[in-house]
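Down below is the structure, laid out as structure tokens.
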Amino acid sequence: MVETAPDYIAMFNTADDYHELNAGAHRKPPKVLSAPSMVWHLAFWTNFQEVGRGRAQPVNPEWAPNKRPREINKALDGFVRQLWIGLEAKLGGPVDVTPRIDGVNLLFGSAYRQPLADDVKKQLTRRQNDIFASTNRVVSLQFVWQSLDVTIRFETQDEYFTMSAFVELDRLRSGKASDIGELNETVDRIKVYLNPSRPSAVSPGSGSGQPASPPQPVDDLIRDINRYSFHQFWRLFDDEVLSLGGAFRNDAIFQRVCADFRGLIASEQTVRFGDDRFFKFSGPPSWGAEAKQMLLPLIQHRVRADHTRYECAVNYMLDGRALYLSTLGPQLPGSADDERIPVEFIVYAHQWVDDRTVVNKWQLGRLVSQILQLGTFRLCALKDVKWLHNAGLELAALEEATQRARRAIARTETYETRAGQNAQATAAERNRTAMNEIAMAHKRLNNITGRFLRKTGSGPLFRIERSRYYVRQFEHNVKLLRILRLEGDQPYDQFIRRRLGPEFDSIDRLGVRYERATASIVSLDQNYLSITQNSLVERATKIDEDTNSIQSEIGLIQRGGEFILLTFLVPYYVSHLFVLIAGEEHWRGTTPMTIAVWLFFAGVALYRTFRGRLDAGFFWIAFTIMMVLSATSTIGLIVKLWEAPQQTAHDEEASRKTGAQESAPPAGQPLSLQGAGPATPAPEPLIVAPAVPAPDVSPQPQPSGESR
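Once you know that position 445 of the sequence shown is 444 in numbering that gives the first Met the number 0, the rest is easy, because the numbers rise by one and skip nothing.
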């Protein structure tokens, strides 16, 4: 960040992933390849069920189904670093390691300035760490071995990593191809074989500095060229170069080779095939027929006595400027168990025609890289294909189980009862049967997934999706080869479609079947859950109906009790309360008030009990009549109570007057001196009643204690 003024930042600033996004596509450049050269490409599985020899002990103590990316990078870095150290010690010169940024060599999980120095990955600058943390790059070692330019490239992918060795023979040092005598002799054999004027028997060895050997039959010459170019040379390379990796090459990730491609790259420097109509006048290519006739026997492994030979793919590439010939895989099972049968291929490219570049080194490197990548894709698409076939057979049984479960679920919706059972018992038994069938379907699916997982270390859907990815990548990238048919032979893309197309389609259809089976299981669960939910809803509805019925009965009892309470008990006690409050001597409207109270509470009881249950007009008419009668009785009672106090006062005054007249002395009688006090009444004469004879008392019978 450069600050030129306090107000702004010059050229703006970049995001943290700027270099990763912009430079990531350039971190896997193809090998700039020259012809003639030899190629050995190996691919190793990193996603595998890791066990020891004889399945006795796991290589990984944790019995992990596959190594983690950090463990893979650690094991791969250990091998690359040890190989780096061994090569510099053996060759006595430096080994170029890429990527190398500011003197730091970046491996996959570590970084070193020198092979014997300490790891400096924690001291990387931002630019160095930007490349080091990238997930899209390769690590290469370039050196000179036996006067040969050698490049070893390592590249990691999600499920595998690749190691590709390129040995270029285009530079003649000291007048010979290399310091390996047998290789030089084989080069001489190839030149003699490719000489158009060769006789039926040739004499190799003259160009290698050795005395000429007796003439050799063509078939034996072809067999010797094939044996050394595709087998013996790479065994020597492994013994003298790759063995320098030491004990690191014994790690489990180096013991699972899934692809082995070995090829020869040739050009007009080895042999020239002319075609002026194509190269000068843009006509259709025709030089491939002659090239096929000379190059195809080198990889066809023809046995005339048994009338056997490999079926090969032959076609033009780069719109006719290159020719591709390949066996596309092991085809003779009669070899020894410890002998690996690689894919053998030959690529012939016209690099120069009349001082004009037709296929440059970049194009040739891209072409070979794409061929190796496509071959790896087509093999990775078939990973665990045996177990996928077994899973496909087991899916048929799963479909039967799901069908039985559907029938069991359908029977739970019927209302027929079995003999000797009621409807509830029959429904419970059908529900148990449906649950058992669904559980059986789940068990079968789990068995398919679990068995595949134990055998392969990954699930079926993961493997199927990876296979689809590899097939899709193959189909897209094979178009970049710009293949043209060589009449009479199968092109590479058609060969793969014919041989492996059914397998690819079978894996894809298996994925569809597996997804459909999983969806079917989910559908079974949902159907049964919906049926169970419906039964629960029905049961809840029945409970609600029973509860509502009980509540309605309780409400009826409450309304009846309330009606009796308001109609009889409440008016009785209210009218009695009014009598106690007013007093019996002043209560003269007992009958009207009682009628008013009883009518009022009868109206309230009628309103409370039958509100909303009777006809509205009838109800309100009856209620109004009762309220009017109650009000009339109440008004009449109030009027009577108003008149009652005046009548009572008049009666009391008349009573006092009458009492005064009765207590006054008669006329002419003198007043007593004690007139002020009350007069003493004269004693009344004692009247003796005659004696009444005593009644004759005789014993009477006692009443019995028993009830009558």
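Each residue gets a CB set at the ideal place from its N, CA and C atoms; glycine is no exception.
Check: In three-state terms, what does DSSP make of N476?
Finding: Looking at N476 - three-state DSSP - the assignment turns out to be helix.
Item checked: Residues near V596 in its chain [Cβ-Cβ closer than 6 Å; skip 5 each side] -> P570, V573 and S574, listed in sequence order.
Next item on the list: Please work out which residues of its chain come closer than 6 Å, Cβ to Cβ, to G262, disregarding the five sequence neighbours upstream and downstream, and give them in chain order.
Entry: Around G262: V38 and F344.
Item checked: Environment of L708 [buried if 16+ CB atoms lie within 10 Å] -> An answer regarding residue 708 cannot be provided, because it is not within the stretch 0 to 707 covered by the chain.
Next item on the list: Indicate whether the contact test is met: 3 or more Cβ pairs, each with one atom in the segment 457-472 and one in the segment 378-386, closer than 8 Å.
Entry: Taking one beta carbon from each stretch, the segment 457-472 and the segment 378-386 have 3 or more pairs nearer than 8 Å; the two touch.
Notebook entry, point to check: The alpha helix (DSSP H) spanning T411 covers which residue range?
Noted result: Element bounds for T411: V384 to T411.
Checklist line | Backbone CA spacing between T124 and V103 [nearest angstrom] | finding: Going by the C-alpha atoms only, they are around 10 Å apart.
Checklist line | Contact check, L366 vs T269, beta carbons under 8 Å | finding: Cβ distance not < 8 Å, so L366 and T269 don't count as in contact.
Checklist line | Contacting residues, own chain, Cβ-Cβ under 6 Å from P28 (five flanking each side not counted) | finding: Cβ-Cβ distances below 6 Å link P28 to nothing in the same chain once the five nearest sequence neighbours on each side are left out.
Item checked: Extent of the continuous beta strand (DSSP E) to which Y347 belongs -> Annotation: the continuous beta strand (DSSP E) that includes Y347 extends over V342 to A348.
Next item on the list: Run the CB neighbour count on K89, radius 10 Å, all protein chains shown included, and call it buried at 16 or more, exposed below.
Entry: Result: exposed.
Next item on the list: For R339, I'd like the list of residues in its chain whose CB is within less than 7 Å of its CB, leaving aside the five on either flank, ordered along the chain.
Entry: Closer than 7 Å at the Cβ level, and outside the excluded window around R339, lie D259.
Margin query: Please classify S548 as buried or exposed, where buried requires at least 16 neighbouring CB atoms within 10 angstroms.
Written below: Exposed.
Notebook entry, point to check: If you draw a straight line from the alpha carbon of H230 to that of K30, how long is it in whole angstroms?
Noted result: Cα atoms of H230 and K30: separation of roughly 23 Å, rounded to the nearest angstrom.
Next item on the list: Would you tell me roughly how many angstroms separate the C-alpha atoms of E464 and E158, rounded to the nearest one?
Entry: Each residue's Cα considered, the two are about 13 Å apart.
Next item on the list: Would you list the one or two residues that DSSP bridges to Y491?
Entry: DSSP lists no partner for Y491.
Margin query: Using only the alpha-carbon positions, how far apart do I84 and K360 sit?
Written below: K360 has its alpha-carbon roughly 30 Å from the corresponding atom of I84.
Next item on the list: Would you kindly work out how many angstroms separate the C-alpha atoms of A516 and N72, rounded to a whole number?
Entry: In this structure, the straight-line span from the alpha carbon of A516 to that of N72 is close to 38 Å.
Item checked: Alpha carbon of Q292 to alpha carbon of E239, nearest angstrom -> Distance from the CA of Q292 to the CA of E239, rounded to the nearest whole angstrom, comes to 35 Å.
Check: Does the Cβ of Q489 have 16 or more other Cβ atoms within 10 Å, making it buried, or fewer, making it exposed?
Finding: Classification of Q489: buried, given that the 10 Å Cβ count is 16 or more.
Check: Nearest-angstrom Cα distance between F376 and Q362?
Finding: Distance between the alpha carbons of F376 and Q362 is about 21 Å.
Item checked: Buried or exposed (CB count within 10 angstroms, at least 16 for buried), T546 -> The residue is exposed, with fewer than 16 neighbouring Cβ atoms inside 10 Å.
Margin query: Could you tell me the alpha carbon to alpha carbon distance between L327 and E19, rounded to whole angstroms?
Written below: L327 and E19: Cα-Cα distance of roughly 36 Å.
Check: Does the Cβ of P283 have 16 or more other Cβ atoms within 10 Å, making it buried, or fewer, making it exposed?
Finding: With fewer than 16 Cβ atoms within 10 Å of its Cβ, P283 is classed as exposed.
Notebook entry, point to check: From what residue to what residue does the alpha helix (DSSP H) around Q81 run?
Noted result: P68 to L90 is the extent of the alpha helix (DSSP H) around Q81.
Notebook entry, point to check: Between which two residues does the alpha helix (DSSP H) harbouring T185 extend?
Noted result: Taken as a continuous stretch (DSSP letters only), the alpha helix (DSSP H) holding T185 covers G180 to L193.
Margin query: Please tell me whether L241 and Q81 are closer than 8 Å, where the distance is taken between their beta carbons.
Written below: Result no, Cβ atoms of L241 and Q81 do not sit closer than 8 Å.
Item checked: Candidates S529, D169, L568 and A74: closest to V143 by CA position -> Of the candidates S529, D169, L568 and A74, D169 places its Cα closest to the Cα of V143.
Next item on the list: Using the Cα positions of D15 and V137, report the straight-line distance between them to the nearest angstrom.
Entry: Their Cα atoms are separated by approximately 22 Å.
Next item on the list: Using only alpha-carbon positions, find the residue among Y323, L460, P459 and F280 that is nearest to N288.
Entry: Asn is not the amino acid found at residue 288; the sequence shown has Ala there. Answer by Cα proximity: Y323.
Next item on the list: Mind reading off the beta-carbon distance from E393 to I437? Whole number of angstroms is fine, and I expect it under 8 Å.
Entry: That pair is no contact at about 18 Å.
Checklist line | Exposed unless 16 or more other CB atoms sit within 10 angstroms - verdict on H475 | finding: Exposed: under 16 other Cβ atoms inside 10 Å.
Notebook entry, point to check: Can you give the Cα-Cα distance for P246 and R255, rounded to whole angstroms?
Noted result: The sequence shown places Ala at residue 246, rather than the Pro named in the question. A direct Cα-Cα distance of roughly 16 Å separates A246 from R255.
Notebook entry, point to check: Which one of I594, D178 and I624 has the shortest CA to CA distance from Y606?
Noted result: Among I594, D178 and I624, the Cα nearest to that of Y606 is on I624.
Next item on the list: Run the CB neighbour count on M10, radius 10 Å, all protein chains shown included, and call it buried at 16 or more, exposed below.
Entry: Under this definition M10 is an exposed residue.
Margin query: Helix, strand or coil for T623? Go by DSSP, reduced to three states.
Written below: Three-state result, T623: helix.
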